[in-house]
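Residue numbers (UniProt numbering): 1 to 804.
Virtual Cβ for every residue (Gly too), placed ideally from N, Cα, C.
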DNA sequence: AGCACGCCGACT
DNA sequence: GTCGGCGTGCTC
């Protein structure tokens with residue numbers, strides 16, 4: 001007898017382990033680890049999806065095993081490597097194994113469950129059953145059903161008059177299209193053409209087209225119909241006459257916005273060559289070493305990546321390159337696809353779930369050797385990886401902020417060990433963690449200090465916004481920035497204006513009584529959305545109309561406060577009416593492809609000023625940009641996160657790198673209320689090392705990363721008292737398990753203490769060496785699993801990226 | 001999660 | 001009595 005260990009799709013603590021199922025005779029040779037299967041689970045007839053983890057000959061289960069009902073895949077969708085990885089990932093992130101397995105796959109491979117009500121044969125004519133089902137044989141249970149209907153279903157079921165059937169749906173489908181092809185060779189086609197009747201014009205056109213495109217068969221029907229204006233009936237006739245055949249083809253859903261032009265290798269500088277040499281040596285020696293490239297903006301890191309990838313490919317191996325989502329611009333993608341052509345798969349958020357599935361299939365079946373993508377691309381099913389690259393290594397988006405809370409860097413390092421390949425981390429502003437590891441020799445540090453072609457660094461000016469002349473100006477744009485913008489536009493050059501994301505929201509405040517309009521569910525201000533003319537909550541989506549009088553004191557002096565991109569856009573339009581301003585923010589880039597469109601328009605010089613938030617700071621390269629203005633450099637400094645300085649430094653260094661890339665000298669103007677802050681001063685001169693030393697000193701003083709590990713434990717409950725009580729219990733539990741070298745902070749309410757009507761409290765654990773902490777946290781999760789039904793949510797975030 | 005079982009109070 | 005509500009424990 002064959003037995004399969006199956007992890008079932010029930011994300012709870014109690015079911016977070018394999019269940020054994022019997023492999024029926026007829027599936028004996030079919031079921032393999034890594035496959036998805038359908039099994040019944042529980043007392044009822046419930047059917048769910050599960051992943052086969054192991055196959056064995058005997059069972060340790062005392063009861064009777066249920067059989068596997070059906071296989072969902074014909075071939076395994078997860079390799080043994082991925083199955084292994086799921087154990088490690090679940091353990092590291094304190095998540096359910098099923099959640100880990102599912103995040104490794106495209107979302108369409110997640111099962112959809114449906115329930116149908118059907119009458120038990122003896123009760124088909126029962127009045128109530130009839131009233132429920134109407135004329136139909138079965139009725140789908142949906143979430144929109146009224147409470148009365150649900151109650152009726154429950155009662156009828158108790159009376160055994162109806163039963164509920166479960167259906168597991170696999171959403172993953174390849175796109176099928178009808179296409180025509182022919183068995184005839186061109187000579188035979190010409191013969192056919194000659195024997196056509198003279199009035200058969202459509203046939204003639206069709207046969208001619210086939211002759212001309214004989215190398216491009218099969219041709220999709222839709223192409224013939226839409227582009228060539230050859231009707232369906234003509235095609236059918238041709239089929240009848242044995243000229244062609246109609247077949248079904250699987251089509252690759254076309255990813256948008258990719259127009260690769262062939263690009264070639266660039267000549268390397270000495271620094272670049274040395275970097276490539278070191279990486280290539282590691283590839284050749286199958287050495288799972290980690291490199292950290294600390295390279296100033298414009299030092300040509302991408303070229304180093306590309307030439308290293310090429311070497312991996314030459315060795316017959318594949319390569320994985322991770323970039324932050326916002327850097328996945330057409331510019332960057334074209335550079336890679338231009339070099340490696342159709343061997344590349346690009347996974348970005350603009351893909352529809354179907355397109356994503358198609359790309360996944362291409363990787364899985366080995367037709368792709370290079371994968372470029374954001375965080376989740378780290379799970380790309382590549383075989384024989386020769387190199388993994390993580391560009392902009394410091395980016396917080398590499399950490400997923402809901403379960404499983406994994407860091408792509410950690411997953412990459414794990415996979416590199418399996419594949420015996422090097423990992424390259426690259427950044428102009430490495431995270432302190434990585435830079436410190438390089439210091440200790442855990443990573444191999446490579447400096448790239450020179451800009452390609454010796455482009456000079458931009459001239460950076462810091463503007464003190466506390467100065468009278470600046471605060472006297474009515475708006476948010478200082479006279480100096482205004483003047484420079486004016487001159488740049490006049491010279492026919494371009495400028496980028498950056499607005500720091502935090503604090504950009506336009507919220508409503510009454511100037512009479514100080515009242516601010518807040519979300520009734522969450523503790524945050526509502527922000528104004530011009531497009532909808534409504535006030536909206538960024539956390540729960542609650543919206544309400546814009547008030548005209550203050551709800552508190554009835555004064556009419558309620559108005560907008562704060563600086564939004566729309567607001568700055570208005571100010572720019574007033575100050576520089578002749579300049580064309582393009583705005584890029586969450587509102588203007590919501591539509592698919594809108595992001596790329598704006599970048600292209602700016603690149604084509606269809607606008608003079610590009611105004612936006614964080615998203616314009618990264619990886620864009622516009623040769624005509626000579627001026628970068630930062631409206632509010634310090635709003636990230638004021639937030640209560642120990643990474644605030646690091647984030648500010650990174651952002652300012654990145655934007656400053658945008659100016660003066662071509663032969664024109666760049667100019668950067670940074671407006672700030674903290675002109676003496678080291679993060680701002682060091683960023684102005686692009687001096688990472690000085691910043692690193694200063695920041696390390698402060699982290700040391702305050703016992704933070706990288707001197708300490710941090711783990712964040714949070715509790716949420718509808719009732720604030722309950723949440724607080726539970727968090728104190730948690731703290732006592734932790735205290736008992738920790739040595740006195742560790743530091744416990746909290747419980748404290750999160751910055752936004754109420755989200756979606758739940759109160760949040762958090763405890764921060766800072767530690768250097770606590771071998772039992774990991775197990776303790778797992779135990780806590782186990783002990784509190786019963787409480788989740790009482791409305792408690794406990795989340796554990798190992799090495800959190802933000803503490804809010 | 002979804003289901004059964006068991007216990008409890010409140011009604012045709 | 002028995003219907004329906006809710007807490008508890010189990011699912012190969």
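Secondary structure of residue 435 (DSSP, three-state): helix. Cα atoms of residue 399 and residue 578: separation of roughly 43 Å, rounded to the nearest angstrom. Closest in alpha carbon position to residue 251, among 357, 745 and 8, is 357.
Only buried fits residue 376, as 16 or more other CB atoms lie within 10 angstroms of its CB. Under DSSP, the beta-bridge partners assigned to residue 713 are 763 and 796. Comparing alpha carbon positions, the residue from 385, 645, 658 and 327 closest to residue 374 is 327.
Along the segment 155-235, the beta strand (DSSP E) occurs as fully enclosed runs of 3 or more residues at 162-169 and 175-181, listed in sequence order.
Here the alpha carbon of residue 164 sits roughly 33 Å from the alpha carbon of residue 756. By the 16-neighbour rule on beta-carbons within 10 angstroms, residue 685 is exposed. For the beta strand (DSSP E) assignment, the uninterrupted runs of no fewer than 3 residues enclosed by the UniProt domain "Helicase C-terminal" (545-699) are, from N- to C-terminal side, 558-561, 581-584, 609-612, 625-630 and 667-672. Going by beta carbons, residue 322 and residue 391 fall inside the 8 Å limit. In the DSSP secondary-structure assignment, residue 70 is bridged to 38. Shown here, residue 309 sits in a helix according to DSSP, grouped into three states. Here the C-alpha atom of residue 342 lies approximately 16 Å from the C-alpha atom of residue 348. Residue 708 is not bridged by DSSP to any residue.
Short of 8 Å from the beta carbon of residue 88, and not among the five residues preceding or following it, lie these beta carbons of its own chain, in chain order: 414. In terms of Cβ geometry, residue 580 and residue 608 form a close pair [threshold 8 Å]. Between residue 182 and residue 417, the alpha-carbon positions lie close to 49 Å from each other.
For residue 5, there is no enclosing alpha helix (DSSP H); the enclosing beta strand (DSSP E) has its first and last residue at 3-8. Inclusion of residue 536 and residue 527 in the CB contact set at 8 Å is warranted, their separation being smaller than that value.
Taken atom to atom, the span from the alpha-carbon of residue 594 to that of residue 475 is near 29 Å. Shown here for residue 420: same chain residues with a beta carbon closer than 6 Å to its own, the five before and five after excluded, namely 286 and 288 in chain order. Taking the C-beta atoms as reference points, residue 688 is found nearer than 8 Å to residue 429.
When the Cα atoms are used, residue 20 and residue 39 turn out to be separated by approximately 10 Å. A Cβ-Cβ separation of about 18 Å leaves residue 280 out of contact with residue 336 under the 8 Å criterion.
DSSP, reduced to helix, strand and coil, places residue 518 within a strand of the structure shown. The three-state reading of DSSP puts residue 496 in strand, counting E and B together.
For residue 486, the enclosing alpha helix (DSSP H) begins and ends at 479-490.
Cα atoms of residue 273 and residue 304: separation of roughly 8 Å, rounded to the nearest angstrom. Bounds of the alpha helix (DSSP H) holding residue 87 are 80-93.
Inclusion of residue 425 and residue 268 in the CB contact set at 8 Å is not warranted, their separation being larger than that value. With contacts defined as CB atoms closer than 8 Å, residue 33 and residue 80 qualify as a contacting pair. The alpha carbon of residue 630 has as its nearest neighbour, out of 4, 565, 262 and 701, the alpha carbon of 565. The residues 737, in chain order, have a CB closer than 6 Å to that of residue 776 in the same chain once the five nearest residues on each side in sequence are set aside.
Uninterrupted alpha helix (DSSP H) stretches at least 4 residues long and entirely within the segment 313-348 occur at 330-340, given in chain order.
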